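Notes to accompany the following structure.
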Amino acid sequence: MSPAASRRRRPRHGSARSGQPARRPTADRVELRRRLASTPRWNQACPRDLSPPPKKAEAATPSPEGWPSRAIRARLSDMDAVEAAFDACPRAGFLPASVRRRAAFDGPLRIAAHQTNSQPRTVDAMLRLLEVRPGQRVLDVGSGSGWTTALLAHLVGPTGEVIGVELEPELVTFGTANLASTHQPWARIEQSAPGVLGDPDHAPYDRILVSAEPRSLPKQLVEQLGPAGRMVIPVAGWMTLVEMPGPVVSEHGAYRFVPLR
Ligand SMILES: C[S@@+](CC[C@H](N)C(=O)[O-])C[C@H]1O[C@@H](n2cnc3c(N)ncnc32)[C@H](O)[C@@H]1O
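Count along the sequence shown from 1, then add 68; that gives the number in my numbering.
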């Protein structure tokens, strides 16, 4: 064997010279590192991002109750739920045939009525900020292609309920057909009533997701939140989280959306 070949065959972990057993990371740690590395950070491509930096210390600090810490486990279970929703509802099923081959593109894609299916990384960020739990009632304002409605339906499960509202009749039909193919009858899409924002008749909601942008925070939507409700809505260029009771309002990075009409 040539010296070069022997160098190539050296084990990756531990030291062949010292004779010590190779120290390999456990399967759990490898999986955890993989998941943390693949988690999109808040709006990382955005130059106006004011969001807090990722909590690196949390990952490095051993906790008395063992490793990973309770905080990390909670974050991983959130990741699992959102990742599982994306796996169960692939974007391609919510796109017109003309752009379906671009489903993996991480940007908005045209659907109909001059509207878009949102950028996957943005949808991921919004769903994580929304913290949807099984059994909750969720309002999806601007359901468009039906993708976010289907993702939310997966997150709440059969004990929950999701109502999508959409202004464009053509998209109500398109979104409803796409949603039906996911077989989640606890979710539906309705035509918005003229002059009515959201769906006050079925309020209160545990969660509200808004995929179109108003110039200021709409009071009508805040009033549709339940006592411990959360709403994620882009307002005047800023991803905004509204938490009840309060409302407590916080901003989470800069984004651009189609206007809320
Ligand atoms: C970014 S697009 C759709 C994103 C959608 N969540 C998806 O997954 O495809 C936003 C949608 O909001 C709708 N919209 C705008 N203003 C609205 C309003 N007041 N009520 C309901 N839908 C509205 C638009 O017609 C458009 O389809």
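Just so it is clear, CB atoms sit at the ideal spot from N, CA and C, and this is done for glycine as well.
Computed from a predicted model, the values in this text were never measured in an experiment.
Cβ atoms of residue j and residue i: under 8 Å apart, would you say?
i	j	result
residue 177	residue 191	no
residue 234	residue 203	no
residue 285	residue 308	yes
residue 300	residue 220	no
residue 255	residue 217	yes
residue 328	residue 262	no
residue 240	residue 259	yes
residue 187	residue 208	no
residue 243	residue 213	yes
residue 229	residue 201	no
residue 164	residue 180	yes
residue 171	residue 159	yes
Say the cut is 7 Å; is the CB of residue i nearer than that to a heavy atom of ligand 1?
i	result
residue 210	yes
residue 326	yes
residue 290	no
residue 168	no
residue 280	yes
residue 249	no
residue 184	yes
residue 216	yes
residue 162	yes
residue 233	yes
residue 318	no
residue 239	yes
residue 198	no
residue 265	yes
residue 178	no
residue 236	yes
residue 298	no
residue 260	yes
Given that a residue counts as buried once 16 or more other Cβ atoms are within 10 Å of its Cβ, and exposed if not, what is residue i?
i	result
residue 155	exposed
residue 320	buried
residue 72	Any reading at residue 72 is ruled out, since the residue's pLDDT is 40, under 50, leaving its predicted position unreliable.
residue 298	buried
residue 314	exposed
residue 288	exposed
residue 274	buried
residue 324	exposed
residue 123	Note that residue 123 scores 40 on pLDDT, short of 50, meaning its location in the model is unreliable; the coordinates nonetheless yield the value given after this. Flag for residue 123 reads exposed.
residue 227	exposed
residue 193	buried
residue 302	buried
residue 291	exposed
residue 236	buried
Hey, is residue i close to ligand 3, as in C-beta under 7 Å from one of its heavy atoms?
i	result
residue 213	Ligands present in the displayed structure are limited to ligand 1, and ligand 3 is not among them.
>> What ranges does the beta strand (DSSP E) occupy inside the region 282-328, keeping only unbroken runs of at least 3 residues that lie completely in it?
In response: Runs of beta strand (DSSP E) with 3 or more residues, each lying fully within the region 282-328, are found at 293-303, 306-311, 316-322, listed in chain order.
> Can you give, in chain order, each stretch of the alpha helix (DSSP H) that sits fully within the region 164-246 and has at least 4 residues?
Replying inline: The region 164-246 contains these whole alpha helix (DSSP H) runs: 188-198, 215-224.
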